[in-house]
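Novice: The structure's right below; bear with me while I get my questions together.
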């Protein structure tokens, strides 16, 4: 979003027009709405801003629920923003540690600051981009003086009187048209600066879940978070925000239910064993936290292969940290023979999961040309050097 668009939007006319908009979901919706608004005499900047915001509000419901309809966004800011229920969990850690004033450095559109302010904490939210800071100020306006937004960098922010800090380092461009966590050397603020701050005061740092584990400080609590099957972030906690005796954690959120697995260190894997009556797929947060072995022991399960994150057992046990499947049979791994076997079993709806094999599940599903009425899950993996196809049903 350009500054001129934000200025046009933050007027009584702009906000009334946005609030009167219905859902804008498709490209056709965008074209029709732009044509209508231009015909009604609205300026190009206002039309662009209103239509863009209406579309982003539709997408934002997945992260912010009903609150999405009163917020403003940048595209990259929405992509980067923490889901509000997760932000509230992060905020609760600050509150439970006894802190009352938190600085959110690199606040983006204010998603995490909303969680902090919503739990009654005083927030100083800082962003270096004028457009993004303006949007954060709008989103945090209902909290009045308890949520102050500043334009500036993390490194230059005066932290006098602040109890603890929340950070979201990433590669950012002007207007947040691009935000990325893939190259730590490009991040602002730098990880060196962040980790130095974490030695001096309590800090929570939101990072991508694929961060090189070698970069994680030995004294930090590393908490991987998944939401509805997707591993969404890694949070490093320092000082009083880190729980005693916890250095590895996997927080698994499904709908309104949350479960957490914690440990002092990476868990030792269970030995491998032959395929049993059940196959278990560990949640991504569990895999990233390297706590598969702890989950396996609760399931009386072993590894299907020492290098691949599938578990197998004979016991009919389940866990919130895995998806469990009842094994039907092992099928031929050859594609032509596999297609024939699936047709013979009247399989038409097939969920394909793969690990350790170079296969595009969507392309394979098309090539299999299934037409049956039954459904199943197909696992394509390797056991040792042998490629294996396992037909199963979700439990």
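In the working numbering, the protein residues as written are 1058 to 1452. No residue lacks a Cβ here, since even glycine has one placed at the ideal position from N, Cα and C.
Does DSSP classify residue 1195 as helix, strand or coil?
Specialist: Translated into the one-based positions of the chain shown, residue 1195 becomes position 138. If DSSP states are grouped into helix, strand and coil, residue 1195 belongs with the helices.
Novice: Can you tell me the Cβ-Cβ gap for residue 1121 and residue 1141, rounded? I've got them flagged as a contact below 8 angstroms.
Specialist: Indexing the chain shown from 1 puts residue 1121 at position 64. Indexing the chain shown from 1 puts residue 1141 at position 84. Going by Cβ atoms, the distance from residue 1121 to residue 1141 rounds to 5 angstroms, so yes, they are a contact pair.
Novice: State the CB to CB distance for the pair residue 1262 and residue 1318, rounded to an integer number of angstroms; the pair is presumed to be in contact (CB under 8 angstroms).
Specialist: In the chain shown, the residue the question calls residue 1262 occupies position 205. In the chain shown, the residue the question calls residue 1318 occupies position 261. Going by Cβ atoms, the distance from residue 1262 to residue 1318 rounds to 21 angstroms, so no, they are not a contact pair.
Novice: Please state if the CB of residue 1360 and the CB of residue 1326 are separated by a distance shorter than 8 angstroms.
Specialist: Residue 1326 sits at position 269 when you count from the first residue of the chain shown. Residue 1360 sits at position 303 when you count from the first residue of the chain shown. Contact: yes.
Novice: For residue 1062, count neighbouring C-beta atoms within 10 Å of its own C-beta (all shown protein chains included) and say buried if the count is 16 or more, exposed if not.
Specialist: Within the chain shown, numbered from 1, the residue matching residue 1062 stands at position 5. With 16 or more Cβ atoms within 10 Å of its Cβ, residue 1062 is classed as buried.
Novice: Straight-line CA distance for residue 1446 to residue 1386?
Specialist: For the purposes of this step, residue 1446 is taken as the residue at position 389 of the chain shown. For the purposes of this step, residue 1386 is taken as the residue at position 329 of the chain shown. Using only the alpha carbons, I get a separation of about 9 angstroms.
Novice: Comparing C-alpha positions only, which one of 1434, 1416, 1424 sits nearest to residue 1408?
Specialist: Locating residue 1408 in the chain shown gives position 351, where the first residue counts as 1. Among 1434, 1416, 1424, the Cα nearest to that of residue 1408 is on 1434.
Novice: For residue 1328, which option in 1126, 1088, 1369, 1132 has the closest C-alpha, if you only look at C-alpha atoms?
Specialist: Along the chain shown, one-based indexing puts residue 1328 at 271. Closest by alpha carbon: 1369.
Novice: Residue 1246 and residue 1226 - do their beta-carbons sit closer together than 8 angstroms?
Specialist: Position 169 of the chain shown, counting from 1, holds the residue named residue 1226. Position 189 of the chain shown, counting from 1, holds the residue named residue 1246. Yes, Cβ-Cβ distance for residue 1226 and residue 1246 is below 8 angstroms.
Novice: Would you call the region 1269-1277 in contact with the region 1143-1158, where contact means no fewer than 3 C-beta pairs closer than 8 angstroms?
Specialist: no
Novice: Along the beta strand (DSSP E) that carries residue 1084, what are the first and last residues, could you check?
Specialist: To locate residue 1084, count along the chain shown from 1; it is residue 27. Premise fails: residue 1084 lies in the alpha helix (DSSP H), 1084-1096, not in any beta strand (DSSP E).
Novice: Just list the beta strand (DSSP E) runs in the region 1290-1355, keeping only unbroken ones of 3 residues or longer that don't cross its boundaries, in chain order.
Specialist: 1305-1311, 1314-1320, 1335-1339
Novice: Leaving out five residues before and five after residue 1196 in sequence, what residues of the same chain have Cβ atoms less than 7 angstroms from its Cβ?
Specialist: Looking up residue 1196 in the chain shown gives position 139. 1128, 1129, 1166, 1167, 1171, listed in sequence order.
Novice: CB residue 1438 to CB residue 1414, shorter than 8 angstroms?
Specialist: Within the chain shown, numbered from 1, the residue matching residue 1438 stands at position 381. Within the chain shown, numbered from 1, the residue matching residue 1414 stands at position 357. Cβ atoms of residue 1438 and residue 1414: closer than 8 angstroms.
Novice: DSSP on residue 1268, reduced to helix/strand/coil?
Specialist: Walking along the chain shown from the start, residue 1268 turns up at place 211. Looking at residue 1268 - three-state DSSP - the assignment turns out to be coil, as it is neither helix nor strand.
Novice: Is the region 1178-1190 touching the region 1203-1223 in the sense that three or more CB pairs, one from each, lie closer than 8 angstroms?
Specialist: yes
Novice: Straight-line CA distance for residue 1091 to residue 1364?
Specialist: Position 34 of the chain shown, counted from the start, is the residue given in the question as residue 1091. Position 307 of the chain shown, counted from the start, is the residue given in the question as residue 1364. So the two alpha carbons sit approximately 53 angstroms from each other.
Novice: Looking at C-beta atoms only, is the number of pairs between the region 1397-1406 and the region 1339-1347 that lie closer than 8 angstroms three or more?
Specialist: no
Novice: Can the beta-carbon of residue 1151 be found closer than 8 angstroms to that of residue 1298?
Specialist: Position 94 of the chain shown, counted from the first residue, corresponds to residue 1151. Position 241 of the chain shown, counted from the first residue, corresponds to residue 1298. Cβ atoms of residue 1151 and residue 1298: closer than 8 angstroms.
Novice: For residue 1455, report the span of its beta strand (DSSP E) as first-last.
Specialist: Residue 1455 lies beyond the residue range present for the chain, which begins at 1058 and ends at 1452; the question has no answer from this structure.
Novice: Where residue 1231 and residue 1425 are concerned, what is the direct C-alpha to C-alpha distance, given to the nearest angstrom?
Specialist: As a first step, residue 1231 must be located in the chain shown, where it is residue number 174. As a first step, residue 1425 must be located in the chain shown, where it is residue number 368. With a pLDDT of 49 at residue 1231, under the threshold of 50, the modelled position of this residue cannot be trusted; read the value that follows with caution. Cα to Cα, the separation comes out at about 46 angstroms.
Novice: Name the DSSP beta bridge partners of residue 1381, please?
Specialist: Along the chain shown, read from residue 1 onward, the residue named residue 1381 stands at position 324. 1337, per the DSSP bridge assignment.
Novice: Using CA atoms only, rank isn't needed, just tell me which of 1301, 1279, 1314 is closest to residue 1285.
Specialist: Your numbering for residue 1285 matches position 228 in the chain shown. It is 1314 whose Cα lies nearest to the Cα of residue 1285.
Novice: Helix or strand or just coil, what does DSSP make of residue 1436?
Specialist: Here residue 1436 corresponds to residue number 379 of the chain shown, with the count starting at 1. The answer is strand: DSSP assigns residue 1436 an E or B state.
Novice: What whole-angstrom Cβ distance do residue 1366 and residue 1404 have, given they're in contact under 8 angstroms?
Specialist: As a first step, residue 1366 must be located in the chain shown, where it is residue number 309. As a first step, residue 1404 must be located in the chain shown, where it is residue number 347. The Cβ separation is near 25 angstroms, so there is no contact.
Novice: Determine the DSSP secondary structure at residue 1233, reduced to helix, strand or coil.
Specialist: Locating residue 1233 in the chain shown gives position 176, where the first residue counts as 1. Confidence at residue 1233 is low in this model, with a pLDDT of 48, below 50, so the placement of that residue should be treated as unreliable; the coordinate-derived value is given next. Helix, per DSSP.
Novice: Comparing C-alpha positions only, which one of 1377, 1362, 1321, 1094 sits nearest to residue 1301?
Specialist: Along the chain shown, read from residue 1 onward, the residue named residue 1301 stands at position 244. Of the listed residues, the one whose Cα sits closest to residue 1301 is 1321.
Novice: Could you work out which residue in 1416, 1376, 1372 is closest to residue 1340 when comparing CA atoms only?
Specialist: Taking the first residue of the chain shown as 1, we reach residue 1340 at position 283. Ranked by Cα distance from residue 1340, the first of 1416, 1376, 1372 is 1376.
Novice: Looking at residue 1374: is its Cβ nearer than 8 angstroms to the Cβ of residue 1356?
Specialist: Residue 1374 sits at position 317 when you count from the first residue of the chain shown. Residue 1356 sits at position 299 when you count from the first residue of the chain shown. A contact, by the Cβ cut-off of 8 angstroms.
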